[in-house]
Each structure stands twice: as structure tokens, then as C-alpha cells.
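**Student:** Under this note's numbering, the first residue of the sequence shown is numbered 9, with each subsequent residue one higher. Glycine included, C-beta positions come from ideal geometry on N, C-alpha and C. Being a predicted model, the structure only gives us computed values, none of them experimental. Let me give you the structure first, and then I'll get to my questions.
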Amino acid sequence: MIQSWGYAAQEATTPLAPFSFQRRDLKEKDVAVEIEFCGVCHSDIHSTRNEWGNAAYPMVPGHEIIGRVTGFGSGVTRFKIGERVGVGVIIDSCRTCTSCKSGDEQYCEVGATLTYGVKDKYGDMTYGGYSNNIVTDEHFVHQVSEQLDPAGVAPLLCAGITTYSPLRHWEVGPGQKVGVVGLGGLGHMGLKFAHSFGAHVAQFTTSRSKIEDAKRLGAHDVVLSNDASAMAKEANSFDFILDTVSAVHDLNAYLPLLKRDGVYCQVGLPDKPPTIFMGNLLFKRRNLSGSIIGGMAETQEMLDYCAAHNIVADVEVIPIQQINEAFERVVKADVKYRFVIDTSSLKKP
């Protein structure tokens, strides 16, 4: 077994604290990664606090992982020692179902294995990236350019691919008007990508203080969503709206802004279901959809695109000893736009 250490929640109401554990010995297709940076996703908070009702403890969160290869099994051919790599939200899938065979492992019909908080196919609990290392099958490890800031790359493994995938799936590009709802960890990446893809991008926000930053990140327009007259002016004008908000909010305020056949895609995951006035969909043949992360090939495509276009997340790097404070700041939306843990701060027990 491989000795590991990190920070874990022992139950829903306890802060994260140092925790020692073991990872499996390398199997034929496994890659061992020494973690350098790990992003702090809001879902880490939902999970450790059992806000989705399915938590297993002790829980080491973290699924936006950047590190270097330190070892691999005899059947690994894609990686070499010292290479910089990334690991994201899932670390296994059946690889035989229709979704997996089409490159959409995130929709595995058997059920993809999450990077932390579940049992893997060997019966072991998965532990995430708030730790010194990780071991996973090479299929779920991604190559990362040395040209990009590794701390800024870490959030691409979740926030990046979560927004990249639906924008690509719905073929967002030049000649389209695109809206992004929410300017947080997900929203700022959706804004960067939509702008890079050549769309005319409008950022929706409730805060005047975010107008300048939204424009810096690529917004052509900024619409205050709590201003009824400003919203009314946007009616029937959008081809695509990407909603990144995880808090409960009224989708009926945004659906009328779509053109006929426009698409509203939800990637944020509120903890309560929305109430939808069906007329907002029926009368203009509008589409309401959802999306989660992306497949492994698409994630590598996204990382390569970011390397070619110098796209990374805006981050605040912290030592792991500040993780509980960071959680509280994320809940208050007090971060621009993603905390990233420098795991060199993690001390061996």
C-alpha cells in the first residue's frame, strides 16, 4: 500500500483536519501522481457537509488535481516519470456501456466512480486531492502543458470542463449571442470560453460591483438580472444561456430571453428543484437542458485548447491549513474566482 496524508472531514459538522490513509499499490494500468495543486470546488463543501445526503466519512475532498507522475504500472504507455498531469471529477467507469464507448464516461450507465467519497471497483474508499498523492487508472489521467500556470490549470479539471463541454456540444461560436448566469468559479470560465469561441457574450449578475470584472474577463455586455427593465430589453435575443448558479433561483426570469429554439443549459446544481412555467418553453420551442463535466477525450481537448489559447482560471492560492476559512469564504462568494490549495504546504504526519 502507498502511504498518503491529507485533510479530511470526519463527519458533516466537523472542520477538515489532518488525516492519514493508504492508497492501493499500483496495478497494471495505474498511474501514481504526487499532487502539487488542488482546486476548491463548491461541491467539495456540499459533499463534506452532507448537503446532498449521500456522504461517506472520513472524506478527503478535491477533484481539480494537478501533479507530477511518480510511478506507473507495467501496462501504462502514455506517461513518463516527472510529467505534469491532471485528474478530475471521475477516476473510473465501466468503459463498455454506450456512453463510455462514445467518449462520454461521465454519463456511464453503470455509474462513473467519483474521485472521492465512494467505493471503487476494488471495494476501497476513494479519497480526493486535498492530499499528497493519488493513484488512478491512466485512462482518467490527463496531460497538462508545462507552459501554463499549474495553479490556474487545476480548476480546469472541473470548472473548466463543466463549462467547455456544453458550449462545444451546442456549437457556440461566431454569430451567436450567449448569456452566462453567475460569475463565480464556473461562470468566469464559461465567460472566458464563450468569448474565446467568438460569440457575443452577455454576463448576468445581481451585483454592480462585478460589471468591470465581467468585462475584463470577456463580456461584451453585462445585464443586472435584478433590474426588470434591463432584463425585459433582452427578451427573445439569446441563442444560448449557460446557467452556472448552484443557489436556488428563478429560471423563469431567464427563459423568455431565449430566441425561438434557443437553449438554456443548467450546469449549477441547486439543492432544491425549480418551478418552471412551461409556457416559457412551449411558445418559442425553447430547450431546457443540463450537462456535467465532460468525457476524458473532451477534457484533454479542453486542456489542449487552453494551452493553445493561454486560458487558465483566476485563482487565489492558499496553504491547506486555511481550507476551513476558504470554505466559509466560498459560501459567501468571497473569492475571485477559485481557491487552489498549494499542497507543498501539506505536512507529513
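I'd like the list of long-range same chain contacts for ASP327, defined as Cβ closer than 7 Å, with 5 residues on each side in sequence excluded.
**Tutor:** Numbered from its first residue, the sequence shown carries residue 327 at position 319. Sequence check: residue 327 is Pro here, not Asp. Counting only Cβ-Cβ distances below 7 Å, and skipping sequence neighbours, we find ASP350, SER353.
**Student:** So if DSSP puts ASP350 in a beta bridge, which residue, or which two residues, is it bridged to?
**Tutor:** The count along the sequence shown starts at 1 and reaches residue 350 at position 342. Paired residue(s): PHE45, PRO327.
**Student:** Quick one: using the 10 Å Cβ neighbour count with 16 as the cut-off for buried, is GLN11 buried or exposed?
**Tutor:** The residue given as residue 11 occupies position 3 in the sequence shown. The residue is exposed, with fewer than 16 neighbouring Cβ atoms inside 10 Å.
**Student:** Which first and last residues belong to the beta strand (DSSP E) in which HIS208 is found?
**Tutor:** Within the sequence shown, residue 208 is the residue found at index 200, counting from 1. Per DSSP, HIS208 belongs to the beta strand (DSSP E) from 208-213.
**Student:** Would you give the residue range spanned by the beta strand (DSSP E) that LYS129 belongs to?
**Tutor:** On the sequence shown, residue 129 is found 121 positions in, with the first residue counted as 1. Segment: none, LYS129 is in no beta strand (DSSP E) and carries neither H nor E.
**Student:** Please report whether the beta-carbon of ILE169 lies at a distance below 8 Å from any beta-carbon of chain E.
**Tutor:** Protein chain content of the structure displayed is limited to a single chain, and chain E is not contained in it.
**Student:** Does DSSP put HIS147 in a helix, a strand or coil?
**Tutor:** For the purposes of this step, residue 147 is identified with residue 139 of the sequence shown, where counting begins at 1. DSSP, reduced to helix, strand and coil, places HIS147 within a helical segment of the structure shown.
**Student:** Does the distance from the CB of GLN376 to the CB of GLY270 come in under 8 Å?
**Tutor:** The requested residue 376 does not occur in the structure, where the chain is confined to residues 9 to 357.
**Student:** Please classify LYS280: does DSSP put it in a helix, a strand, or coil?
**Tutor:** Counting from 1 along the sequence shown, the entry for residue 280 is found at position 272. LYS280: coil per DSSP, three-state reduction.
**Student:** Quick one: using the 10 Å Cβ neighbour count with 16 as the cut-off for buried, is GLU179 buried or exposed?
**Tutor:** Working through the sequence shown from its first residue, we reach residue 179 at position 171. Here GLU179 is exposed: its Cβ has fewer than 16 other Cβ atoms, across all protein chains shown, within 10 Å.
**Student:** Consult DSSP for SER55 and reduce its assignment to one of helix, strand or coil.
**Tutor:** The residue given as residue 55 occupies position 47 in the sequence shown. In the three-state reduction of the DSSP assignment, SER55 falls in the helix class, which pools H, G and I.
**Student:** I'd like to confirm the pairing. Which residues does DSSP put opposite VAL39 in its beta bridges?
**Tutor:** Taking the first residue of the sequence shown as position 1, residue 39 is located at position 31. BP columns for VAL39 point to PHE80, THR144.
**Student:** Excluding sequence positions up to five away, which residues of its chain have a Cβ less than 6 Å from the Cβ of GLU19?
**Tutor:** The sequence position of residue 19 within the sequence shown is 11, counting from 1. The residues TYR65, in chain order, have a CB closer than 6 Å to that of GLU19 in the same chain once the five nearest residues on each side in sequence are set aside.
**Student:** Count the other CB atoms within 10 Å of the CB of PRO182; is the residue buried (16 or more) or exposed (fewer)?
**Tutor:** Position 174 of the sequence shown, counted from the first residue, corresponds to residue 182. Looking at its Cβ environment, which holds fewer than 16 other Cβ atoms inside 10 Å, PRO182 is exposed.
**Student:** Would you check if there are 3 or more beta carbon pairs closer than 8 Å linking the segment 89-100 to the segment 160-168?
**Tutor:** With the cut-off at 8 Å, the segment 89-100 and the segment 160-168 touch.
**Student:** Under the three-state reduction of DSSP, which class applies to VAL186: helix, strand or coil?
**Tutor:** Numbered from its first residue, the sequence shown carries residue 186 at position 178. Note: VAL186 maps to strand in three-state DSSP.
**Student:** For the alpha helix (DSSP H) that CYS314 lies in, which residues bound it at each end?
**Tutor:** Counting from 1 along the sequence shown, the entry for residue 314 is found at position 306. Unbroken alpha helix (DSSP H) run through CYS314: 304-317.
**Student:** Whose C-beta lies closer than 8 Å to the C-beta of ARG216 among residues of the same chain, with five residues either side of it excluded?
**Tutor:** Stepping through the sequence shown from its first residue, residue 216 is reached at position 208. LEU232.
**Student:** Should LEU250 go down as buried or exposed, given a rule of 16 or more other Cβ atoms within 10 Å for buried?
**Tutor:** Within the sequence shown, numbered from 1, the residue matching residue 250 stands at position 242. Flag for LEU250 reads buried.
**Student:** Taking only runs of the beta strand (DSSP E) that begin and end inside the segment 194-259, which ones reach a length of at least 3 residues, in chain order?
**Tutor:** As summarised for the segment 194-259, the continuous beta strand (DSSP E) elements at least 3 residues long and confined to that stretch are 208-213, 229-232, 246-251, given in chain order.
**Student:** Are PRO158 and PHE335 closer than 8 Å when you measure CB to CB?
**Tutor:** Taking the sequence shown and counting its residues from 1, one reaches residue 158 at position 150. Taking the sequence shown and counting its residues from 1, one reaches residue 335 at position 327. Taking 8 Å as the Cβ cut-off, PRO158 and PHE335 do not qualify as a contacting pair.
**Student:** Would GLY226 and TYR345 be called neighbours here (beta carbons separated by less than 8 Å)?
**Tutor:** Here residue 226 is taken as the residue at index 218 of the sequence shown, counted from 1. Here residue 345 is taken as the residue at index 337 of the sequence shown, counted from 1. Contact: no.
**Student:** Put ILE169 into one of helix, strand or coil per three-state DSSP.
**Tutor:** For the purposes of this step, residue 169 is identified with residue 161 of the sequence shown, where counting begins at 1. Note: ILE169 maps to helix in three-state DSSP.
**Student:** Which residues share a DSSP beta bridge with PRO26?
**Tutor:** Within the sequence shown, numbered from 1, the residue matching residue 26 stands at position 18. Beta-bridge partners assigned by DSSP to PRO26: TYR15.
**Student:** Kindly confirm or deny that the segment 32-50 and the segment 133-144 touch, where touching means at least three C-beta pairs closer than 8 Å.
**Tutor:** Touching, yes.
**Student:** DSSP state of LEU164, grouped into three classes?
**Tutor:** Taking the first residue of the sequence shown as 1, we reach residue 164 at position 156. Look at LEU164 here: in three-state DSSP terms it is helix.
**Student:** Can you find at least 3 beta carbon pairs, one from the segment 243-259 and one from the segment 267-281, that sit closer than 8 Å?
**Tutor:** yes
**Student:** Can you tell me the Cα-Cα spacing of GLY47 and HIS71, whole angstroms?
**Tutor:** Translated into positions along the sequence shown, residue 47 becomes position 39. Translated into positions along the sequence shown, residue 71 becomes position 63. Straight-line Cα distance between these residues: approximately 7 Å.
**Student:** Can you tell which of SER173, HIS196, ALA202 has the C-alpha that lies nearest to the C-alpha of GLN184?
**Tutor:** In the sequence shown, residue 184 corresponds to position 176, counting from 1. Nearest option by C-alpha distance: ALA202.
**Student:** Could you pull the start and end residues of the alpha helix (DSSP H) that LYS109 belongs to?
**Tutor:** Working through the sequence shown from its first residue, we reach residue 109 at position 101. Element bounds for LYS109: 106-109.
**Student:** Starting from GLY192, follow the alpha helix (DSSP H) in both directions and report where the run begins and ends.
**Tutor:** In the sequence shown, residue 192 corresponds to position 184, counting from 1. It is not in any alpha helix (DSSP H) - GLY192 carries neither H nor E in the DSSP assignment.
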